[in-house]
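Anchor point for the sequence shown: position 18 equals 18 in UniProt numbering, and the numbering is continuous, going up by one each time. We put the CB at the ideal spot given by N, CA and C, even for glycine. Given the structure is predicted, the values throughout are model-derived calculations rather than measurements.
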Amino acid sequence: MITVSDKAKERILELKKEEGRAENENIRVSVKGGGCSGLMYDLGFDATLADTDHVFEDKGVKILVDRKSLLYLAGTTLEFSDGLNGKGFQFVNPNASRTCGCGESFSV
């Protein structure tokens, strides 16, 4: 399961409205090879649901995750920070054994 913090939910809803996204567009979270730690997160809106996708809902936000990425993301919380140390979405991933300084890539 993937959870969403209150601040992340607020920002997702703001972005959806600002970008004029359709009601059926949900958040897709995936893991791809790359980044300075070996794996990196990918986050975006998506209206397509594949047969192998897992769908989670937290605080009214639907999250789509492909089967392969789910292995790396189980138990992750999606956070949003707008503080002085950086602005953007952050992943709190209990499966990551190492993360890079910017938090955009990780290894297990």
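Is it true that the CB of residue j sits closer than 8 Å to the CB of residue i?
| i | j | result |
| --- | --- | --- |
| S5 | F56 | no |
| R28 | G38 | no |
| V31 | L73 | yes |
| A8 | A47 | no |
| I12 | T76 | no |
Can you have a look at residue i and say buried or exposed, based on whether 16 or more other CB atoms are within 10 angstroms of its CB?
| i | result |
| --- | --- |
| N26 | buried |
| L70 | buried |
Cα separation between residue i and residue j?
| i | j | result |
| --- | --- | --- |
| D51 | K68 | 13 Å |
| D58 | M40 | 22 Å |
| residue 112 | V65 | Any answer about residue 112 is impossible in this case: the structure gives the chain only from 1 up to 108. |
| E19 | F89 | 17 Å |
| G60 | E14 | 14 Å |
| I63 | N24 | 12 Å |
How far does the alpha helix (DSSP H) with residue i in it reach, from first residue to last?
| i | result |
| --- | --- |
| K62 | Note, K62: premise wrong, no alpha helix (DSSP H); beta strand (DSSP E) at 61-65. |
| I12 | 6-18 |
Under the criterion of a Cβ to heavy atom distance below 7 Å, does residue i qualify as lining the ligand NAD?
| i | result |
| --- | --- |
| F91 | Among the components modelled here there is no ligand, and therefore nothing to report on the ligand NAD. |
In the DSSP assignment, find the unbroken beta strand (DSSP E) run with residue i in it and report its ends.
| i | result |
| --- | --- |
| L78 | 77-83 |
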